[in-house]
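J.: Here it is, the structure in full.
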Amino acid sequence: MSYFIRGHESKWEVVLGLEVHAQINSLSKLFSPSSTGYGAEPNSQVNLIDAGMPGALPVINQECVKQAVITGLGLNAKINLKSIFDRKNYFYPDLPQGYQISQFENPIVGSGHLIIEAEEGTKKIGITRLHLEQDAGKSIHDQDFENSFIDLNRSGCALMEIVSEPDLRSPSEVSLYIKKLRSILRYLGSCDGNMEKGNLRVDVNVSVRRFDAELGTRCEIKNINSIKFIQQAIEYEARRQVKLIESGKIVEQQTRLFDSQKGETRAMRSKEESHDYRYFPDPDLPPLILEKKMIEDLKLQLPELPDKKKIRFIETYGIKKYDAEILVSEKEVAEYFEKLVSDRDPKMVVTWLTGELFSYLNKKNLDNPQSAISVEKFGELLDLINDGTLSNRLAKELFVEFIESNMSASELVKKKGMVQISDENEIINMIETVLDQNQKMLEEYRSGKEKLFGFFVGQIMKISNGKANPQMVNTLLTKRLKK
Amino acid sequence: MSIDNSVVKKIANLSKINLSEKESENLKHELNKILDWVDDLKKVDTKMVEPMLSVFNENMKMRDDKVELTNTDEILSNAPDKKENFFVVPKVIE
Numbered sequence: 001m002s003y004f005i006r007g008h009e010s011k012w013e014v015v016l017g018l019e020v021h022a023q024i025n026s027l028s029k030l031f032s033p034s035s036t037g038y039g040a041e042p043n044s045q046v047n048l049i050d051a052g053m054p055g056a057l058p059v060i061n062q063e064c065v066k067q068a069v070i071t072g073l074g075l076n077a078k079i080n081l082k083s084i085f086d087r088k089n090y091f092y093p094d095l096p097q098g099y100q101i102s103q104f105e106n107p108i109v110g111s112g113h114l115i116i117e118a119e120e121g122t123k124k125i126g127i128t129r130l131h132l133e134q135d136a137g138k139s140i141h142d143q144d145f146e147n148s149f150i151d152l153n154r155s156g157c158a159l160m161e162i163v164s165e166p167d168l169r170s171p172s173e174v175s176l177y178i179k180k181l182r183s184i185l186r187y188l189g190s191c192d193g194n195m196e197k198g199n200l201r202v203d204v205n206v207s208v209r210r211f212d213a214e215l216g217t218r219c220e221i222k223n224i225n226s227i228k229f230i231q232q233a234i235e236y237e238a239r240r241q242v243k244l245i246e247s248g249k250i251v252e253q254q255t256r257l258f259d260s261q262k263g264e265t266r267a268m269r270s271k272e273e274s275h276d277y278r279y280f281p282d283p284d285l286p287p288l289i290l291e292k293k294m295i296e297d298l299k300l301q302l303p304e305l306p307d308k309k310k311i312r313f314i315e316t317y318g319i320k321k322y323d324a325e326i327l328v329s330e331k332e333v334a335e336y337f338e339k340l341v342s343d344r345d346p347k348m349v350v351t352w353l354t355g356e357l358f359s360y361l362n363k364k365n366l367d368n369p370q371s372a373i374s375v376e377k378f379g380e381l382l383d384l385i386n387d388g389t390l391s392n393r394l395a396k397e398l399f400v401e402f403i404e405s406n407m408s409a410s411e412l413v414k415k416k417g418m419v420q421i422s423d424e425n426e427i428i429n430m431i432e433t434v435l436d437q438n439q440k441m442l443e444e445y446r447s448g449k450e451k452l453f454g455f456f457v458g459q460i461m462k463i464s465n466g467k468a469n470p471q472m473v474n475t476l477l478t479k480r481l482k483k
Numbered sequence: 484m485s486i487d488n489s490v491v492k493k494i495a496n497l498s499k500i501n502l503s504e505k506e507s508e509n510l511k512h513e514l515n516k517i518l519d520w521v522d523d524l525k526k527v528d529t530k531m532v533e534p535m536l537s538v539f540n541e542n543m544k545m546r547d548d549k550v551e552l553t554n555t556d557e558i559l560s561n562a563p564d565k566k567e568n569f570f571v572v573p574k575v576i577e
């Protein structure tokens with residue numbers, strides 16, 4: 001038992017399932033040829049189909065079908081050779097057709113799973129289904145008191161709705177699930193996974209129960225746009241439900257939204273108004289039939305996905321599981337690591353990549369290491385540290401300046417006079433100077449106060465302006481003091 | 484199965500249409516007639532028949548992922564109200 005909500009009477013288990021909407025990475029929309037480009041002028045990417053004009057007929061985009069199949073394969077899921085498109089009917093101004101073309105009973109992808117590394121170990125999370133559907137347009141409510149503004153550029157863009165089983169048990173597992181799903185989508189290239197731009201949107205189903213009891217009534221929290229807020233929303237919602245049940249009330253099945261400023265969830269619509277979507281097969285669209293061969297071909301083209309890559313990294317480079325997990329989560333990082341490590345010490349590469357470079361990327365809000373520093377430039381720095389020209393400490397000090405300069409590592413070392421002193425005689429001279437100046441300490445050391453070794457090292461580093469090779473100082477000083 | 488006035492009202496509400504009492508009454512009869520007919524259809528033994536997922540016997544035609552440019556003025560030309568290339572509608576917020 002790990003995560004739970006403590007009530008007055010007992011501990012409550014939290015049961016969570018996710019519906020993720022992922023926008024497919026295609027040039028044109030699911031059923032229309034208008035562009036899917038982000039950030040265009042309002043209503044500049046809208047054709048007759050997207051605007052719901054009578055008589056306009058939808059024709060499916062082959063690329064979207066392909067991406068849905070690839071994603072299904074990447075989620076270890078069953079691909080359905082026959083699937084059906086249905087109309088989901090509701091009225092809203094940003095849905096000009098009056099219905100969304102979606103898939104109800106016969107989705108393109110059936111059950112699958114993905115793996116997360118939870119605190120208690122590896123956990124398999126079931127995927128119920130993946131289906132294709134149209135996105136709606138965007139409503140803007142805050143520009144005018146009396147009116148809402150509608151932009152239909154997003155209307156008709158292709159979405160994959162990926163539904164999980166209620167297998168998740170804590171906010172942190174939800175976070176791991178989203179990160180893993182996002183990572184797989186990005187490896188496959190089927191979705192950018194950018195939550196801020198809204199091309200990955202998450203709805204969470206939350207219910208609570210006493211441990212080992214039957215599932216409770218769930219509430220759905222809609223459209224939360226960051227992992228942090230999702231975790232907060234779950235925590236709040238689970239506590240709310242526990243409070244209700246323990247005070248003898250019932251949890252009503254509801255759609256709720258999360259107010260990130262107040263940190264609370266609120267009912268979006270009451271039960272009486274709850275939507276009845278009246279699904280029925282879209283008479284404009286025949287069944288979507290896939291050929292087995294197409295699926296087999298796509299299977300062969302699948303890239304190496306994060307789980308497999310992680311195992312290979314651990315086996316090939318002898319790095320820790322924890323480090324491997326970090327390196328493979330972003331495709332670009334994994335590629336960068338492999339180029340950098342090719343003829344270098346994996347341990348050193350991992351330390352520098354996940355340490356110095358990652359903290360720089362975080363500070364600058366960058367994802368791709370390549371956008372900060374080229375593999376060649378970074379590699380040269382590591383090589384200079386490795387052959388003793390530059391000390392680790394100095395390299396760390398200079399790191400940010402180095403990244404932001406146009407200089408190569410050797411140019412910078414030269415310019416700064418930072419070359420590490422690795423000449424034996426020079427270091428011996430420094431040792432003698434320090435010992436001469438500290439006769440008393442030397443006697444104390446000889447009479448057993450061995451802690452003073454560190455003091456001598458410090459003095460030597462000081463007179464070398466930090467440039468003496470620390471390992472050599474250690475070895476030579478040990479040798480000298482034994483005399 | 485039979486449909487009463489409250490079901491007709493509910494469907495009308497979901498469809499965002501206003502019905503007079505008379506229209507409502509007519510629709511109730513029409514809908515019930517259709518449902519009665521469906522009940523008749525249900526009497527056919529279909530145990531050995533594969534469920535028909537669609538009335539089409541052909542596969543869906545697909546198109547290539549190619550972009551065609553669109554014209555904002557044209558798309559907005561039927562809008563009752565517009566502003567700075569947005570459609571303008573009475574305030575809707577849930």
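From first to last, the protein sequence lines are chains A and B. Residue numbering for the first sequence follows this note's numbering, starting at 1 and increasing by one per position. Residue numbering for the second sequence follows this note's numbering, starting at 484 and increasing by one per position. Yeah, the Cβ is synthetic: ideal placement off N, Cα and C, and Gly gets one too.
(1) Return the residue from the list A/Ser183, A/Leu132 and A/Tyr99 that minimises the CA-CA distance to A/Gly74.
(2) Looking at the strands, I want to know which residues DSSP matches up with A/Ala40.
(3) What distance in whole Å lies between the Cβ atoms of B/Ser485 and B/Asn515, which are believed to be in contact at a cut-off of 8 Å?
(4) Return the CA-CA distance between A/Glu335 and A/Ile140, expressed in angstroms with no decimal places.
(5) Please report the distance separating the alpha-carbon of A/Val174 from that of A/Glu120.
(6) Quick check: is the beta carbon of A/Val65 nearer than 8 Å to any beta carbon in chain B?
(7) Given that a residue counts as buried once 16 or more other Cβ atoms are within 10 Å of its Cβ, and exposed if not, what is A/Ala40?
(8) When the cut-off is 8 Å and only beta carbons count, does B/Glu513 lie next to chain A?
(9) Going by DSSP, what residue range makes up the alpha helix (DSSP H) through A/Ser183?
(10) Flag this pair as touching only if the stretch 43-58 of chain A and the stretch 239-251 of chain A have three or more C-beta atom pairs under 8 Å; answer yes or no.
(11) Any contact between the stretch 139-154 of chain A and the stretch 177-191 of chain A? By contact I mean 3 or more CB pairs, one from each, below 8 Å.
(12) Taking the beta strand (DSSP E) that A/Ile101 belongs to, which residues open and close that run?
(13) Any idea if A/Lys309 is buried or exposed, counting beta-carbon neighbours within 10 angstroms, 16 or more meaning buried?
(14) I'd like the span of the alpha helix (DSSP H) that includes A/Leu340, first residue to last.
(15) Please list the terminal residues of the continuous alpha helix (DSSP H) segment that includes A/His489.
(16) Excluding five sequence neighbours on each side, which residues of the same chain lie with their C-beta closer than 6 Å to the C-beta of A/Gly193?
(17) For A/Asn429, count neighbouring C-beta atoms within 10 Å of its own C-beta (all shown protein chains included) and say buried if the count is 16 or more, exposed if not.
(18) Given a cut-off of 8 Å on the beta-carbon distance, is the pair A/Val14 and A/Val163 in contact?
(19) Can you tell me the Cα-Cα spacing of B/Ser507 and B/Lys566, whole angstroms?
(20) According to DSSP, is A/Met441 part of a helix, a strand, or is it coil?
(21) Could you please tell me which residues of the stretch 535-564 of chain B, in chain order, have their CB closer than 7 Å to any CB of chain A?
(22) Closest by CA to A/Pro54, which one among A/Cys64, A/Tyr38, A/Pro96 and A/Asn25?
(23) Which of the residues in the stretch 493-507 of chain B, read from start to end, lie with their CB under 9 Å from any CB of chain A?
(24) Looking at A/Gln100 and A/Ala136, is the spacing between their C-beta atoms short of 8 Å?
(25) Using 8 Å as the limit for Cβ to Cβ distance, is A/Glu165 near chain B?
(26) Out of A/Tyr322, A/Leu361 and A/Ser371, which has the shortest C-alpha to C-alpha gap to A/Lys347?
(27) Taking only beta-carbon positions, decide if A/Gln485 is within less than 8 Å of chain B.
(28) Is A/Leu150 helix, strand or coil by DSSP?
(29) For A/Ser464 and A/Gly454, what's the separation of their Cα atoms in angstroms?
(30) Under a CB-based cut-off of 8 Å, is A/Glu220 close to chain B?
(31) Distance cutoff 8 Å, beta carbons only. Does A/Asp383 sit that close to anything in chain B?
(32) In this structure, how does DSSP classify A/Lys164 when only helix, strand and coil are distinguished?
(33) Per the contact definition of three or more C-beta pairs closer than 8 Å, is the stretch 376-396 of chain A in contact with the stretch 433-440 of chain A?
(34) How would you list, in chain order, the residues of chain B whose beta-carbon sits under 9 Å from the beta-carbon of A/Lys82?
(35) Count the CB pairs spanning the stretch 73-88 of chain A and the stretch 284-296 of chain A that are closer than 8 Å, and state whether there are at least three.
(36) Less than 8 Å between the C-beta atoms of A/Gly110 and A/Gln134, yes or no?
T.: Working from what's here:
(1) A/Ser183
(2) Its beta-bridge partners do not exist; DSSP assigns none.
(3) 6 Å
(4) 40 Å
(5) 14 Å
(6) yes
(7) exposed
(8) no
(9) Pro171 to Leu188
(10) no
(11) no
(12) Tyr99 to Ser102
(13) buried
(14) Lys331 to Val341
(15) Residue 489 of chain A lies beyond the stretch modelled for chain A, which goes from 1 to 483, so this question has no answer here.
(16) Arg182, Leu185, Arg186 and Leu200
(17) exposed
(18) no
(19) 38 Å
(20) helix
(21) Leu536, Ser537, Phe539, Glu541, Asn542, Met543, Lys544, Met545, Arg546, Asp547, Asp548, Lys549, Val550, Glu551, Thr553, Thr555, Ile558 and Leu559
(22) A/Pro96
(23) Lys493, Ile494, Leu497, Ser498 and Lys499
(24) yes
(25) no
(26) A/Tyr322
(27) Outside the shown range of chain A (1 to 483) lies residue 485 of chain A, about which nothing can therefore be said.
(28) According to the sequence shown, residue 150 of chain A is Ile rather than Leu. Looking at A/Ile150 - three-state DSSP - the assignment turns out to be strand.
(29) 15 Å
(30) no
(31) no
(32) It should be pointed out that residue 164 of chain A corresponds to Ser in this sequence rather than to Lys. It is a strand residue.
(33) no
(34) Leu536
(35) yes
(36) no
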